[in-house]
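Note that our numbering has the sequence shown beginning at 2, numbered continuously upward.
No residue lacks a Cβ here, since even glycine has one placed at the ideal position from N, Cα and C.
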Amino acid sequence: MINRLLIFGLLIVLLIMTSCIVYHPQAIDIPLISEKNDLRIDAGISIVPSAHATVSYGLTDKIALQAFGSLGSDERYYFQGAAGIFRKYDNQKVIELYGGFGYGYGSAYRDANPGDLYGDYQQYFLQVNYGKIDCKFANMDYGFGIKAGLLHSNLTDYNYYDFYSETGPFTTYVDNSLLIEPNMFLRLGGEKLKFNIKLGSCWINKFTHTDQGLPYSFINLGLGLNYRF
2 MINRLLIFGL LIVLLIMTSC IVYHPQAIDI PLISEKNDLR IDAGISIVPS
52 AHATVSYGLT DKIALQAFGS LGSDERYYFQ GAAGIFRKYD NQKVIELYGG
102 FGYGYGSAYR DANPGDLYGD YQQYFLQVNY GKIDCKFANM DYGFGIKAGL
152 LHSNLTDYNY YDFYSETGPF TTYVDNSLLI EPNMFLRLGG EKLKFNIKLG
202 SCWINKFTHT DQGLPYSFIN LGLGLNYRF
């Protein structure tokens with residue numbers, strides 16, 4: 002009973018936070034590409050309201066490509082592309098290393114002033130993934146990944162941090178931050194089509210304007226389907 006209440010409370014907090022954040026952990030697929038022409042398409046929704054899709058492809062027996070897109074509430078969106086290398090071991094374990102670029106838009110609202118903080122951001126990142134595919138039980142895949150990189154943001158302060166003016170001019174903060182985003186996943190189902198669940202978190206540390214915190218969600222839960230061709 003206590004566990005259910007804790008889970009319910011967490012969901013409520015996440016829903017309340019959706020109008021108060023610029024960034025949240027993205028429900029990007031950890032594909033664990035294992036061979037040339039290995040193609041995975043992943044799509045779903047997340048608790049921080051958004052719909053997302055990932056396409057991952059084994060271009061050669063060592064190189065993989067990936068594209069991701071997410072559309073959320075409050076006009077939030079995020080898109081990224083990445084290229085990387087992979088290696089499959091005899092015990093069905095796979096390791097991947099990707100490097101890529103992402104671009105997104107977010108907005109946050111604060112009742113106290115009231116005010117908004119909105120604008121775009123870019124990511125330059127590396128991500129390492131590790132896991133196991135095609136286990137005997139329910140064709141299970143599981144694993145984890147960690148993304149780390151630079152988050153460059155351009156956010157306009159429309160009376161968000163404090164009340165300045167009804168008409169402006171308003172300050173745009175150009176910031177660089179360290180982004181660390183760990184995530185884990187579980188896939189269960191048939192040989193081709195599987196149900197998946199993803200749990201992601203993130204930590205952002207600003208290098209500039211450190212007195213003006215960047216509003217973000219520290220956790221996100223995604224549900225969806227994954228198809229392997």
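According to DSSP, is PHE69 part of a helix, a strand, or is it coil?
Taking the sequence shown and counting its residues from 1, the one referred to as residue 69 is at position 68. Note: PHE69 maps to strand in three-state DSSP.
Closest to GLU36 by C-alpha separation, out of ASN140, LYS89 and GLU182, would be which residue?
The count along the sequence shown starts at 1 and reaches residue 36 at position 35. The shortest Cα separation from GLU36 among ASN140, LYS89 and GLU182 belongs to LYS89.
The segment 34-50 / the segment 65-74 touching (three or more Cβ pairs under 8 angstroms):
yes
Contact the segment 175-189 vs the segment 144-152: 3+ CB pairs below 8 angstroms
yes
Residue range of the beta strand (DSSP E) that includes VAL129
In the sequence shown, the residue the question calls residue 129 occupies position 128. Segment 116-133, the beta strand (DSSP E) holding VAL129.
Starting from the C-beta of GLU305, find all residues in its chain whose C-beta is less than 7 angstroms away, skip the five residues before and the five after it, and write them out in chain order.
Look at the range of the chain in this structure, 2 to 230, and you will see that residue 305 is not part of it.
When the distance is taken between beta carbons, is LEU200 closer than 9 angstroms to LEU222?
Taking the first residue of the sequence shown as position 1, residue 222 is located at position 221. Taking the first residue of the sequence shown as position 1, residue 200 is located at position 199. Yes. Within cutoff.
HIS53 and ILE22: beta carbons closer than 9 angstroms?
For this step, residue 53 is matched to residue 52 along the sequence shown. For this step, residue 22 is matched to residue 21 along the sequence shown. No. Outside cutoff.
Considering PRO183, what are the terminal residues of the beta strand (DSSP E) in which it resides?
Residue 183 sits at position 182 when you count from the first residue of the sequence shown. Here the beta strand (DSSP E) through PRO183 covers 172-190.
Determine the contact status of PHE102 and GLN81, defining contact as a CB-CB distance below 9 angstroms.
The sequence position of residue 102 within the sequence shown is 101, counting from 1. The sequence position of residue 81 within the sequence shown is 80, counting from 1. For PHE102 and GLN81, yes; Cβs fall inside 9 angstroms.
Under three-state DSSP, which class holds ILE28?
Working through the sequence shown from its first residue, we reach residue 28 at position 27. Going by the sequence as given, residue 28 is Ala instead of Ile. ALA28 falls in the coil class under three-state DSSP.
Looking at the structure shown, is GLY138 part of a helix, part of a strand, or coil, going by DSSP?
Locating residue 138 in the sequence shown gives position 137, where the first residue counts as 1. Reading the sequence as shown, one finds Phe at residue 138 and not Gly. Helix.
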